[in-house]
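Okay, so here's the structure we're looking at.
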Amino acid sequence: MRKSDVELDPTRAASASRWDRLNRSLARTRDRLAAGLGDLILGERSIDQAVIDEVETSLLAADVGVDATERVVSALKDRVSRRQLGDAEALKAALTTELVALLDPLAVTFAVGAPRPYVVLVVGVNGAGKTTLIGKLAKRLGDDGHSVVLAAGDTFRAAAVEQLGDWGRRNGVPVIAQGQGADSASVIYDAIDAAMARGTDVVLADTAGRLQAKVGLMDELAKIKRVMGRFGHGAPHEVLLVLDAGIGQNALSQVTEFDRAVGVTALAVTKLDGTAKAGVVIAIAAATGLPLRFVGVGEGVDDLQDFDAASFVDALLGDLA
Ligand SMILES: Nc1nc2c(ncn2[C@@H]2O[C@H](COP(=O)(O)OP(=O)(O)O)[C@@H](O)[C@H]2O)c(=O)[nH]1
Ligand SMILES: [Mg+2]
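At position 267 of the sequence shown (counting the first as 1) the number is 1405 in this note's numbering, and the numbers step up by one without a gap.
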């Protein structure tokens, strides 16, 4: 796009910069994929079983996981046997098609539903990016004209409460908090209560995230969910599990654990920018039917994106596709 176009059309400029960020974020994963497919790009080879084996190895190296890789590879093999993959160009196109088909069902955008306040319970292990996501989402919802209250439900560390407070202050969003060590369920209860009294649209509830293997955390989350239920308006309306892309295949076991404890309704995958394992998004797609509401591509307030399958695959395959 020419610079003058960008200046004339802020919407196009915003979407170009969103694409740039996604594209830059996926550079490390893309490099890892490309490393295995290097001579394919150079390209005069005919597409045979050996080439498909290389595709398989590359997908596994980028943390796409065994199940998803198998699905994609068997579809490619089908095409080879039907002689549909004459050259590298056709293979790239087929790979793109298969990956987009796998990922597209996940692209269901977050929307504030009818019940008010609409309550989003944000869960995930320590460091996954929950508090940061809440901060970014609060800003976005505010920009869209929604009133928001944040609940500082991670009462485990004083720093966690402060961190949420900072995001709130920066974006002019009220934060309901009690001291460190307070009962998390009661903090979140107070926040929903306050939101009801004020007619607030959305409550974003932060939680602690000690290791998911600890039974204590899962019990606490289940209690939070039960306590929310007392308002009788269907809360939580969304249980959003935040996953750090850098943990690779461990993300799948976290989905299972958290789902068992609190019934996960949607996912966010953060830190696509810091990892060569962003292929895990594809593994997640093959393993769960959950919507992927957001991807995190950096620490800044604008680095939270809706997930779009075609853009993701384009950025992932880069010159390959
Ligand atoms: N590079 C990058 N860093 C992120 C992203 N999301 C969160 N972080 C950083 O990861 C760290 C942990 O995030 P935090 O929100 O505190 O995690 P929490 O423990 O789940 O609440 C912080 O330093 C964040 O700035 C992301 O999408 N990209
Ligand atoms: Mg936190």
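Don't be surprised by glycine CBs; every beta carbon is placed ideally from N, CA and C. Here the structure is a predicted model, which means the values were calculated and not measured.
Consult DSSP for residue i and reduce its assignment to one of helix, strand or coil.
i, result
"GLY1434", "strand"
"ALA1406", "strand"
"GLN1318", "coil"
"GLN1222", "coil"
"VAL1461", "Since the first residue of the chain shown is 1139 and the last is 1459, residue 1461 is not available in this structure."
"LEU1164", "coil"
"ALA1245", "coil"
"VAL1439", "coil"
"LEU1455", "helix"
"PHE1250", "It is Val, not Phe, that sits at residue 1250 in the sequence shown. Coil, per DSSP."
"MET1139", "Interpretation of MET1139 is limited by its pLDDT of 48, a score under 50 that renders its predicted location unreliable; no figure is taken from the coordinates."
"LEU1342", "strand"
"VAL1311", "coil"
"ALA1151", "helix"
"ASP1169", "helix"
"ASP1444", "strand"
"GLY1347", "coil"
"GLY1337", "coil"
"LEU1428", "coil"
Pop quiz: residue i and residue j are said to be a contact at Cβ under 8 Å. What is the actual Cβ separation, rounded to whole angstroms?
i, j, result
"LEU1164", "ALA1416", "6 Å"
"LEU1288", "LEU1302", "6 Å"
"ASP1344", "ASP1292", "5 Å"
"LEU1197", "VAL1210", "7 Å"
"PRO1253", "GLY1372", "5 Å"
"THR1413", "GLY1434", "About 11 Å separates the two Cβ atoms, so there is no contact after all."
"ALA1290", "ILE1314", "7 Å"
"LEU1223", "ALA1213", "Not quite, the Cβ-Cβ distance comes to about 11 Å (not below 8 Å), so this is no contact."
"THR1167", "ALA1188", "At roughly 24 Å, the Cβ-Cβ gap does not stay under 8 Å, so THR1167 and ALA1188 are not in contact."
Would you mind working out which of the options sits nearest residue i, comparing C-alpha positions?
i, options, result
"PHE1396", "ALA1298, LEU1259 and ILE1330", "LEU1259"
"ARG1183", "ALA1228, PHE1294 and ALA1447", "ALA1228"
"TRP1305", "ALA1296, LEU1275, SER1285 and PHE1294", "LEU1275"
"VAL1218", "VAL1204, LEU1241 and ASP1191", "ASP1191"
"ALA1399", "LEU1359, ALA1315 and ASP1344", "LEU1359"
"ASP1411", "ASP1331, LEU1390, GLY1427 and GLY1384", "GLY1384"
"PRO1312", "GLY1319, GLN1387, VAL1246 and GLY1273", "GLY1273"
"LEU1240", "PRO1429, VAL1435 and LEU1458", "PRO1429"
"PHE1445", "ILE1185, THR1247, LYS1363 and ASP1331", "THR1247"
"ARG1368", "VAL1257, SER1285, GLY1317 and VAL1204", "VAL1257"
"THR1269", "ALA1252, GLY1283 and VAL1299", "VAL1299"
"LEU1152", "ASP1441, GLY1370, ALA1373 and ALA1447", "Note that residue 1152 corresponds to Ala in the displayed sequence, not to Leu. Nearest of ASP1441, GLY1370, ALA1373 and ALA1447 to ALA1152, Cα basis: ASP1441."
"VAL1393", "ILE1362, ALA1425 and GLY1372", "ALA1425"
"ARG1308", "ALA1448, LYS1363, ALA1296 and GLY1438", "GLY1438"
"ALA1448", "ALA1329, LEU1244 and PRO1148", "LEU1244"
"ALA1329", "ASP1357, GLN1318 and LEU1342", "LEU1342"
"GLU1236", "GLY1251, ILE1185 and LYS1215", "LYS1215"
"LEU1390", "LYS1361, ARG1364, VAL1365 and ALA1421", "ALA1421"
"ALA1346", "GLY1337, ASP1357 and ARG1336", "ASP1357"
"GLY1337", "SER1285, GLN1318, ASP1321 and ALA1206", "SER1285"
"PHE1294", "LEU1279, GLY1319 and ARG1156", "GLY1319"
"LEU1279", "ASP1457, ASP1382 and VAL1250", "VAL1250"
Does the beta-carbon of residue i, which I'm using as the reference point, lie nearer than 8 Å to any heavy atom of ligand 4?
i, result
"GLY1262", "Ligand 4 is absent from the structure shown, which contains only ligand 1 and ligand 2."
Legend entry - Cβ contact (3+ pairs, closer than 8 Å) linking the stretch 1367-1384 and the stretch 1404-1412: yes
Inset, instruction - Could you tell me which uninterrupted alpha helix (DSSP H) segments, each at least 4 residues in length, are contained entirely in the stretch 1178-1214, listed from first to last along the chain? - result: Within the stretch 1178-1214, the complete alpha helix (DSSP H) runs of at least 4 residues are 1187-1199.
Inset, instruction - Check whether the stretch 1262-1271 touches the stretch 1316-1330, counting contact only when three or more Cβ pairs, one atom from each stretch, lie closer than 8 Å. - result: no
Inset, instruction - Within the stretch 1363-1420, note down every full alpha helix (DSSP H) run reaching 4 residues or more, in order along the chain. - result: 1388-1400
Legend entry - Three-pair Cβ contact test at 8 Å for the stretch 1154-1174 versus the stretch 1437-1455: yes
Inset, instruction - Within the stretch 1259-1295, note down every full alpha helix (DSSP H) run reaching 4 residues or more, in order along the chain. - result: 1268-1281
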